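In the order they appear, the protein sequences are chains U and E.
Number 384 marks the last residue of the first sequence (this note's numbering); no jumps.
Number 384 marks the last residue of the second sequence (this note's numbering); no jumps.
Here is the structure we will look at, set down as structure tokens.
2 protein chains.
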Amino acid sequence: MSAHVELSRLSLNQATTQNWGMAETIEGCARAGVGWIGLWRHKVSELGLAETARRLSGAGIQVSSLCRGGFFPAASAEVRQQRIDENLRAVDEAVELGAPVLVLVCGPSPDRDLDAARRMVEDGIYKVLPYALDRGLRLAIEPLHPMYAGDRSVVVTLAQANAMAERIASPGVGVAVDVYHVWWDPDVYLEIARAGRNIVGFHVSDWLVPPPDHLLGRGMLGDGVIELRRLRQAVDAAGYGGPIEVEIFNQQIWDTPGEQVLALVKERFLSEVL
Amino acid sequence: MSAHVELSRLSLNQATTQNWGMAETIEGCARAGVGWIGLWRHKVSELGLAETARRLSGAGIQVSSLCRGGFFPAASAEVRQQRIDENLRAVDEAVELGAPVLVLVCGPSPDRDLDAARRMVEDGIYKVLPYALDRGLRLAIEPLHPMYAGDRSVVVTLAQANAMAERIASPGVGVAVDVYHVWWDPDVYLEIARAGRNIVGFHVSDWLVPPPDHLLGRGMLGDGVIELRRLRQAVDAAGYGGPIEVEIFNQQIWDTPGEQVLALVKERFLSEVL
């Protein structure tokens with residue numbers, strides 16, 4: 111295969127080039143021949159929905175997903191409803207941007223009751239689902255690494271996300287597999303196979319040893335210990351053939367010019383992931 | 111129950127009072143009426159085995175466990191054998207100290223092959239087991255939090271530790287349940303029940319939000335989000351009736367005088383764990 115074909119699944123999640131604005135990200139990807147972008151709502155708001163969509167289309171770039179919905183658990187019914195409303199707005203934005211998938215970071219518990227928070231997540235998804243289904247959008251339950259169980263997500267394993275997606279059993283709900291969040295799991299290959307066609311997103315980065323930071327410690331592809339190729343092959347074997355988002359939260363990478371980051375991402379995507 | 115009876119299961123893991131030497135720890139526990147200590151090998155070496163054992167006995171303090179054996183995976187057979195030899199020495203030390211349990215921190219992988227590293231752990235335990243069994247010592251497989259999968263332990267869930275203990279199926283091997291490592295797991299109550307009589311140690315601390323540090327970020331009982339009482343009740347219901355070690359790696363707590371730490375540990379043990 112030519113590098114062009116091989117890079118055809120590469121998507122730049124714009125969290126990787128945090129210091130690029132929305133316009134720069136589109137221009138940078140166009141120059142680098144990267145045909146997909148994973149968008150974040152706060153970045154999109156820089157240009158607005160219509161203008162972002164127009165520029166993406168003009169550059170021939172597709173949207174792999176929009177980050178993020180979720181954050182369902184809250185202490186009161188009123189706040190939980192506000193979170194649902196926010197998710198409905200995120201659905202609208204995803205649709206206007208042409209994103210096929212809205213990634214859900216499910217949210218932490220408002221107190222010590224993990225079981226209740228997990229029920230709130232599932233309830234929240236049920237409430238957003240009809241609205242998403244009507245618009246042809248898929249919601250991706252993304253299990254986060256268990257080190258985020260207290261501050262980001264009570265959904266922490268692929269088994270848990272799979273079970274939730276299976277209970278909901280709708281074409282509007284799938285799971286996102288992010289290697290950084292699931293690589294450590296003794297059941298990860300089993301659960302990827304189980305997820306099968308429910309996989310609606312695949313994200314790559316690397317796990318540095320030791321981890322330099324709680325939130326900004328992800329590594330460039332190949333700089334850490336994750337079996338990237340094996341995981342990519344497993345996801346492919348499960349039936350996923352869509353874009354692969356490179357999503358690296360790392361201060362050092364953020365401080366590097368976007369052009370350089372994207373060049374290295376392309377190189378490492380070929381050598382470490384494919 | 112009187113506070114005396116209620117505190118009868120409290121064990122101070124000496125990692126909690128890192129700035130106390132071995133002698134101070136024994137004296138401090140004796141003054142505070144704490145009847146158990148969880149020992150660390152490097153602390154024991156300050157006084158030596160015989161003298162530490164003599165002072166513990168003189169103070170009427172029992173040893174709940176010795177930390178730590180393990181670190182089985184290594185790149186070469188030679189180094190793996192050195193690790194086994196080190197574990198045999200740890201067994202000898204545990205026996206001389208009267209510790210009923212040697213806690214195993216299983217070790218990280220020497221490369222990207224997690225499966226192979228996990229096999230090395232199990233092989234290592236099989237090699238140490240006869241020596242421990244002959245001496246009436248139990249080895250405790252301690253699953254560590256998945257955030258330590260790269261630098262401390264390829265054993266990261268209670269399900270994984272349980273499966274390993276069940277395969278080995280020996281009275282000389284059990285599991286240690288540390289709430290800090292397992293609290294996030296959607297299957298934790300199921301796996302505690304499954305572990306049953308294989309539970310040979312129970313450790314408590316708390317999970318702070320957000321976590322202040324990779325290694326030294328554990329919280330004082332009650333300062334975080336872990337359902338401590340519920341987990342203690344589950345472990346009790348599974349059949350564990352032994353000492354409960356308070357093990358808190360936290361720089362701020364280390365910088366606090368040991369007397370104060372121990373007083374607070376006693377108070378919080380009563381209000382948060384029992």
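Note that CB positions come from ideal geometry on N, CA and C, so glycine has one too.
Quick caveat: nothing in here was measured; it's all calculated off a predicted structure.
Requested in this report: Note the first and the last residue of the continuous alpha helix (DSSP H) segment covering Val292 (chain U).
Outcome: Val289 to Val292
**Report entry** Residue-level contact to chain E via CB, Glu337 (chain U), 8 Å cutoff
**Finding:** yes
**Report entry** Interface flag, Gln343 (chain E) vs chain U, CB-CB below 8 Å
**Finding:** no
Query raised in the report: In chain E, which residues lie with their C-beta within 8 Å of the C-beta of Gln270 (chain U)?
Result: Pro296
Query raised in the report: How long is the line joining the alpha carbons of Arg277 (chain E) and Ala271 (chain E), rounded to whole angstroms?
Result: Straight-line Cα distance between these residues: approximately 10 Å.
Query raised in the report: In chain order, what residues of the same chain lie with their CB nearer than 6 Å to the CB of Leu341 (chain E), ignoring the 5 residues before and after it?
Result: Val289
Requested in this report: Taking only beta-carbon positions, decide if Met330 (chain U) is within less than 8 Å of chain E.
Outcome: Closer than 8 Å: no.
Query - Simplified DSSP assignment, three categories, for Glu337 (chain U) - result: coil
Query raised in the report: What residues of chain U sit near Asp261 (chain E), judged by a beta carbon separation below 7 Å?
Result: Within 7 Å Cβ-Cβ: Val319 and Pro320.
Requested in this report: Measure the alpha-carbon distance for Val356 (chain U) versus Asn123 (chain U) and round it to whole angstroms.
Outcome: 6 Å
Query raised in the report: Apart from the five residues just before and just after Pro353 (chain U), which ones in its own chain have a Cβ nearer than 6 Å to its Cβ?
Result: Once the five neighbours on either side are set aside, the close Cβ partners of Pro353 (chain U) are Arg119, Ser121, Trp146 and Ser174.
**Report entry** DSSP state of Gln172 (chain U) mapped onto helix, strand, coil
**Finding:** strand
**Report entry** Contact set for His255 (chain U): own chain, Cβ-Cβ below 6 Å, skip 5 residues either direction
**Finding:** His291
**Report entry** is_contact[Arg304 (chain U), chain E] using C-beta, thresh 8 Å
**Finding:** no
Query raised in the report: Quick one: Cα of Leu157 (chain E) to Cα of Arg229 (chain U), how far?
Result: 52 Å
Query - Alpha-carbon to alpha-carbon, Gln343 (chain E) and Phe312 (chain E) - result: 11 Å
Report task. Give the single residue among U:Phe359, U:Trp364, U:Gly351 and U:Asp333 whose Cα lies nearest to the Cα of Glu377 (chain U). Result -> U:Asp333
Query raised in the report: Using a Cβ-Cβ distance under 8 Å, would Val231 (chain U) count as near chain E?
Result: False, the Cβ-Cβ gap to chain E never drops below 8 Å.
Query - Anticipated Cβ contact below 8 Å, Leu249 (chain E) with Leu207 (chain E), distance rounded - result: Not a contact, Cβ separation roughly 15 Å.
Query - chain U within 8 Å of Arg165 (chain E), Cβ atoms only - result: no
Query - Terminal residues of the alpha helix (DSSP H) in which Ile136 (chain E) lies - result: Met132 to Ala142
Query raised in the report: Taking any Cβ of chain E, which residues in the stretch 240-258 of chain U have a Cβ under 7 Å from it, in chain order?
Result: His255, Pro256 and Met257
Query raised in the report: Where does Gly349 (chain U) land, buried or exposed, given buried means 16+ other C-beta within 10 angstroms?
Result: The residue is exposed, with fewer than 16 neighbouring Cβ atoms inside 10 Å.
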